[in-house]
Amino acid sequence: KPNLSYRSLISQAIFLSQRGKLTLSSIYKSIAERHPYYRLSEHGWQNSIRHNLTLGECFVRVPREPGEGGKGSYWIIHKD
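Going letter by letter, the sequence shown gives residues 1 to 80 in the UniProt record's numbering.
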């Protein structure tokens with residue numbers, strides 16, 4: 001298991017993304033690609049990711065642009 005907090009895993013995924021924002025499913029995918037432990041693990045870690053996103057003050061949920069296809073909002077790192 002990586003020696004990183006869920007907050008750090010989320011921040012790493014968003015920070016290393018091309019656009020500086022990711023959907024929830026893209027955050028899961030990024031974490032699993034960088035940390036094989038989560039590829040083989042049960043889905044409980046995904047609940048922890050959701051929990052940290054919604055309660056963490058450092059993450060902000062932003063809606064998709066009008067007319068932009070796809071499902072779900074994006075998550076960004078709060079600038080302050």
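Heads up, the beta-carbon is just placed ideally off N, CA and C, and yes, glycines get one too.
Cut-off 7 Å between Cβ atoms - residues of its own chain near residue i, not counting five sequence neighbours on either side
| i | result |
| --- | --- |
| tyrosine 38 | Ile31, Ala32, Trp45 |
| leucine 22 | Ala13, Ile14, Ser30, Tyr74, Trp75 |
| serine 63 | What sits at residue 63 in the sequence shown is proline, not serine. Here the set comprises Ser73. |
| glycine 20 | Ile14, Ile76 |
| glycine 67 | none |
Proximity winner among the options, relative to residue i (alpha-carbon distances)
| i | options | result |
| --- | --- | --- |
| isoleucine 49 | Leu22, Gln12, Arg7 | Arg7 |
| lysine 71 | Ile77, His78, Ser25, Thr54 | Ser25 |
| glutamate 57 | Asn47, Ile77, Gly67 | Ile77 |
| asparagine 3 | Arg34, Gln18, Asn47 | Arg34 |
Residue i, enclosing alpha helix (DSSP H) - first and last residue
| i | result |
| --- | --- |
| arginine 7 | 6 to 15 |
8 Å CB neighbourhood of residue i in its chain, flanking five on each side removed
| i | result |
| --- | --- |
| leucine 53 | Ile10, Leu24, Ile27, Phe59, Arg61, Trp75 |
Residue i: first and last residue of the uninterrupted beta strand (DSSP E) it sits in
| i | result |
| --- | --- |
| arginine 61 | 59 to 62 |
Give the list of continuous alpha helix (DSSP H) stretches no shorter than 4 residues that lie fully inside the stretch 31 to 55. Taking only runs of at least 4 residues, the alpha helix (DSSP H) segments lying wholly in the stretch 31 to 55 are 36 to 40, 44 to 55.
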